[in-house]
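Encoded as structure tokens, the structure appears first; notes follow it.
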Amino acid sequence: MDTEIARAAVVRLVLALRAEYLAAGANPLKHWEQLHERLRAAARTTGTAEEFATKLQRDLRIATVTSSFCSATTELVDAVGGEHAALLDLIDREHGYIMALARKAADEKRREAQAKRDVRAAVAAEEGEPWGA
Amino acid sequence: MKTLRFEFILRAEQPICHLEESLGNSGLAMRRKVILPDGRATRIPCITADTMRHGLRDAVTYSYLDAAGLLGQDLGEEALRLLFAGGMITGSAGGSVKMADYWQMVELNPALALLGGNAQNRSIPGRLFVDDSTLICEEQMHVLPDWVREWLKESGVGVASHRAYIEEAQRVRMDPLLDPAKRALLLPDHRARAEQRLIASETAATDNDAGATEQAKSTMMPRRFERLVQGALFWWGVTAHILSDLDDDTFKVMVASFLYDAHVGGKRGTGHGLLRAVRGWNIDVRRPAERTESLDVRELGGQIGAIFRAHVSERRDQIAEFLKRVAA
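Chains as they are written, first to last, in this note's numbering: chain A, 388 to 520; chain B, -14 to 313.
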């Protein structure tokens, strides 16, 4: 198992679950804390990558799965290549770092989206159109 | 002097909730770091030697007090601390115990001689060596003794990764104010306050106001904890340096009385913690060779304790006197 690839796959899974968790009505003030807690618990109490992803989904009470969750899960299982214990030990040891990577990626995505909105607003202002028209 | 060692296979008859720490509302199971034969490090659940040792001390102390006729309201705080927790060093204010007093102390409490402790401002070294209870799992097969591996094979017991033996449970502390029948028991002003809070909570949820929801939330508290699953097996050993027949009998009383009703960890009030010995192994260490024999754990309690009980019973008055004046 390539540690970098596996770690990146876990981060993608966390981000996919986060989007679904928030869409399902999770408390925005506490969702990172919940995700972190559930990530750590799933790593400590499951035996395979498949079980890990399923427990995360169940613990976050996500009833239906989106395509991003599906592709993140299958990518993770592929990245593990059967070395389940190595993956779960990695998450157990590095859950703080993994959550930091996930949060950083989410912040970057948010900044990028904001920058795009700013550009659109600036262009609209130059062209004399009301923003969003 | 001889060295006597007992080893057991213990089975969790109930889930075991033995925690190392809590994070938020989550309790994390006790684990220890282990380097596997392939060099990889992992953390495997265990029951600590401290827990097992405390169980031994607790069990033998009840047997001791029973034999001395002191199971009524006879103990001072210091005596209780000495007997059930090994006592503590009381500082420079307390005088150090003289050797004659020390000899009297271990004469009056033969279990103290084995377990050690702190009394009369003196640290008493023990002669009892207790192991962690090692979870029998795939990752620890290489550390198990041959007799355990053979028993597993003969019994057809399959062994899985340590992760298969741990689960996460959730329990909820309910808020009685959410139950209309219970709210009806409240004083009028208290009921009005509770109902105002429920309305505020509903409004906050409708308005999707996370801050207000947090403020108006009930005291219902979900909490999670990791636990070792029912049916998990452990390998556990305890060794003692034996100086006399009394030591020998005391050691056996200690082990037998603990295993008769061994509970470890927390949540005992809600169906957790019971361990049962399913197989025992008696090792009489006689260097350079070791004599080993299988031990029928069901018989352990029946054949022992006569010397220990007679010794304690004969000295009951001196013991009562000693426990009154002990500083621990």
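Just so you know, even glycine gets a beta-carbon here, dropped at the ideal spot from N, CA and C. Note that the structure is predicted; figures quoted are calculated from it, not measured.
Whole alpha helix (DSSP H) elements within the stretch 192 to 218 of chain B, 4-residue minimum: 195 to 201
Any 3 or more C-beta pairs closer than 8 Å across the stretch 210 to 230 of chain B and the stretch 120 to 129 of chain B: yes
Three-state secondary structure assigned by DSSP to B:R300: Translated into the one-based positions of the second sequence, residue 300 of chain B becomes position 315. Here B:R300 sits in coil by DSSP.
Residue interval of the alpha helix (DSSP H) (run including B:S118): For this step, residue 118 of chain B is matched to residue 133 along the second sequence. Note, B:S118: premise wrong, no alpha helix (DSSP H); beta strand (DSSP E) at 118 to 120.
Of the listed residues B:L(-11), B:E(-8), B:H3, nearest to B:G258 (C-alpha basis): The sequence position of residue 258 of chain B within the second sequence is 273, counting from 1. That would be B:H3, whose Cα lies nearest to the Cα of B:G258.
Cβ of A:L416 within 7 Å of any chain B Cβ: Numbered from its first residue, the first sequence carries residue 416 of chain A at position 29. Judged by the 7 Å Cβ criterion, A:L416 is in contact with chain B.
Distance between beta carbons of B:R168 and B:R158, contact taken as under 8 Å: Start at 1 with the first residue of the second sequence, and residue 158 of chain B comes out as number 173. Start at 1 with the first residue of the second sequence, and residue 168 of chain B comes out as number 183. Between B:R168 and B:R158 the Cβ distance is about 17 Å, and since that is not below 8 Å, they are no contact.
Beta bridge counterpart(s) of B:P110 as assigned by DSSP: Numbered from its first residue, the second sequence carries residue 110 of chain B at position 125. BP columns for B:P110 are empty, so no partner.
Option in A:H482, A:S454, A:R498 with minimal Cα separation from A:A406: For this step, residue 406 of chain A is matched to residue 19 along the first sequence. When only C-alpha atoms are compared, the closest one is A:S454.
Rounded distance between the beta-carbons of A:A411 and A:I343, thought under 8 Å: Residue 343 of chain A is absent from the structure shown; chain A starts at 388 and stops at 520.
Chain B within 7 Å of A:G434, Cβ atoms only: Taking the first sequence and counting its residues from 1, the one referred to as residue 434 of chain A is at position 47. A:G434 counts as touching chain B.
A:E514 in three-state terms, based on DSSP: In the first sequence, counting from the first residue as 1, residue 514 of chain A sits at position 127. Three-state DSSP puts A:E514 in coil, outside helix and strand.
Neighbourhood of B:A195 by C-beta, 6 Å cutoff - its chain only, sequence neighbours within 5 removed: Numbered from 1 along the second sequence, position 210 holds the residue referred to as residue 195 of chain B. There are no such residues.
Cutoff 6 Å; reference A:A459; Cβ partners in own chain excluding five residues on either side: Taking the first residue of the first sequence as 1, we reach residue 459 of chain A at position 72. Counting only Cβ-Cβ distances below 6 Å, and skipping sequence neighbours, we find R399, L400, A403.
Min CB distance B:S7 to chain A below 7 Å: Against the second sequence, residue 7 of chain B aligns to sequence position 22. No, because no Cβ of chain A sits closer than 7 Å to the Cβ of B:S7.
Any chain B beta carbon closer than 7 Å to A:E424: Locating residue 424 of chain A in the first sequence gives position 37, where the first residue counts as 1. So, interface residue.
Top-ranked residue by Cα proximity to B:A(-3), from B:V91, B:D35, B:G256, B:E6: In the second sequence, residue -3 of chain B corresponds to position 12, counting from 1. The shortest C-alpha separation from B:A(-3) is found at B:G256.
Spatially closest choice to B:E(-8) from B:T204, B:A14, B:R264, B:A291, by CA coordinates: As a first step, residue -8 of chain B is located in the second sequence; it is residue number 7 there, counting from the start. Per the Cα distances, B:R264.
Contacts of A:A475 in chain B (Cβ-Cβ under 7 Å): Counted from its first residue, the first sequence places residue 475 of chain A at position 88. According to the sequence shown, residue 475 of chain A is Leu rather than Ala. The answer, in chain order, is R148.
Boundaries of the alpha helix (DSSP H) in which B:L8 is found, first to last residue: Translated into the one-based positions of the second sequence, residue 8 of chain B becomes position 23. Not the alpha helix (DSSP H): B:L8 falls in the beta strand (DSSP E), residues 4 to 8.
Where B:R(-4) falls: helix, strand or coil (DSSP): Position 11 of the second sequence, counting from 1, holds the residue named residue -4 of chain B. Three-state result, B:R(-4): strand.
Extent of the continuous alpha helix (DSSP H) to which A:R445 belongs: Looking up residue 445 of chain A in the first sequence gives position 58. Following the DSSP letters along the chain, one finds A:R445 inside the alpha helix (DSSP H) bounded by residues 436 to 446.
Backbone CA spacing between B:I126 and B:T224 [nearest angstrom]: On the second sequence, position 141 is the one that residue 126 of chain B refers to. On the second sequence, position 239 is the one that residue 224 of chain B refers to. Before going on, a small fix: residue 126 of chain B reads as Met here, not Ile. Answer to the nearest angstrom: the Cα atoms are 21 Å apart.
Contacting residues, own chain, Cβ-Cβ under 7 Å from A:R504 (five flanking each side not counted): Taking the first sequence and counting its residues from 1, one reaches residue 504 of chain A at position 117. If we look at A:R504 and ignore the five residues flanking it on each side, it has no Cβ neighbours.
For B:R(-10) and B:P273, the rounded distance between their alpha carbons: Here the question's residue 273 of chain B lines up with position 288 in the second sequence. Here the question's residue -10 of chain B lines up with position 5 in the second sequence. Because the pLDDT at B:P273 is just 45, under 50, the model does not fix this residue reliably, and the value given afterwards should be weighed accordingly. Roughly 15 Å separates the two Cα atoms.
Limits of the alpha helix (DSSP H) - the one that A:E407 falls within: As a position in the first sequence, residue 407 of chain A is number 20, starting the count at 1. Annotation: the continuous alpha helix (DSSP H) that includes A:E407 extends over 390 to 410.
Selection from B:D232, B:I(-6), B:F307, B:R294 that minimises the alpha carbon distance to B:P130: Within the second sequence, the letter at position 145 stands for residue 130 of chain B. It is B:I(-6) whose Cα lies nearest to the Cα of B:P130.
Beta carbon of B:R148 nearer than 7 Å to that of A:G469: In the second sequence, the residue the question calls residue 148 of chain B occupies position 163. In the first sequence, the residue the question calls residue 469 of chain A occupies position 82. In this structure, A:G469 does not lie closer than 7 Å to B:R148 by Cβ.
C-beta neighbour in chain B for A:A410, strict 7 Å: Numbered from its first residue, the first sequence carries residue 410 of chain A at position 23. Answer no: the Cβ-Cβ gap between A:A410 and chain B never drops below 7 Å.
B:H226 to B:G250 span [Cα, whole Å]: Position 241 of the second sequence holds residue 226 of chain B. Position 265 of the second sequence holds residue 250 of chain B. Answer to the nearest angstrom: the Cα atoms are 27 Å apart.
Contact between the stretch 138 to 157 of chain B and the stretch 178 to 197 of chain B (3+ Cβ pairs under 8 Å): no
Below-7 Å beta-carbon distance, A:A459 vs any chain B residue: As a working mapping, residue 459 of chain A is identified with position 72 in the first sequence. Cβ-Cβ to chain B under 7 Å: no for A:A459.
Test: A:A511 CB closer than 7 Å to a CB of chain B: Sequence index remark: in the first sequence, residue 511 of chain A carries index 124 (1-based). No, A:A511 lies away from the interface with chain B (no Cβ there is under 7 Å from its Cβ).
Check whether B:A53 and B:E211 have beta carbons under 7 Å apart: Counting from one through the second sequence, the residue named residue 53 of chain B turns up at place 68. Counting from one through the second sequence, the residue named residue 211 of chain B turns up at place 226. In this structure, B:E211 does not lie closer than 7 Å to B:A53 by Cβ.
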